[in-house]
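A quick write-up on the structure given underneath.
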Amino acid sequence: MKRQMRAKRGCHIIQVSNDQVSYKSVSSKIKVKQLSQLKERTVYKCWEYNIYNLPDYPRNNAVAVFFLATMHDCFYAHLHRFKIVDSPVCPLCCNSAVMKAEHLLVCSGRSQISIFSRY
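Using the numbering used here, the letters of the sequence shown correspond one by one to residues 363 to 481.
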C-alpha cells in the first residue's frame, strides 16, 4: 500500500534532467553512429565494384545486372509475403533455399556471365 502511494506521488513530481544536451550534439552523435553501423554492414559487400564493370548492354539487360549487383532485386521471399508468388523458394537452384539477398550470393543456379539472361 505504501509503495503504491509513493509510486503515485513520484509520477507527479517534475523531473529535471541533470545534463542538458543540445540538439546539434545529439544529432551529430546519431549521424556518426548510423554511419559507423552502415560501414560495418557493408564491409564485405561486393556490389560496389560490380557496378563499375557494367558493359554497354541494352537498357533492360543493364538494369537487371544493376539490380542484382546492388541486391535490389524482387526476391521471392519478399514477393511471397504479399502473395505475388506461390513459394519463397529460389527458382534458380534445386536446393529449396529461400531466395533472399544472402542466398543470391551463394546460389548455384546463377552465373556471373549470363546473370542478365534470366530476366
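Here a beta-carbon is modelled for each residue, glycine too, at the ideal position from N, C-alpha and C. Note that this is a predicted model, so its numbers are computed, not measured.
Under the DSSP assignment, V394 falls in the alpha helix (DSSP H) whose first and last residues are 385 to 403. Between V460 and P450, the C-beta gap is smaller than 8 Å, which places the two residues in contact. In the same chain as D448, and ignoring 5 residues on each side of it, the C-beta atoms closer than 8 Å to its own belong to H442, in chain order. Per DSSP, M363 lies in no alpha helix (DSSP H) segment and is marked neither H nor E.
About 5 Å separates the beta carbons of C455 and C469, which is inside the 8 Å limit, making them a contact pair.
Secondary structure at V451: strand, using DSSP grouped into helix, strand and coil. A459: not part of any alpha helix (DSSP H); DSSP gives it neither H nor E.
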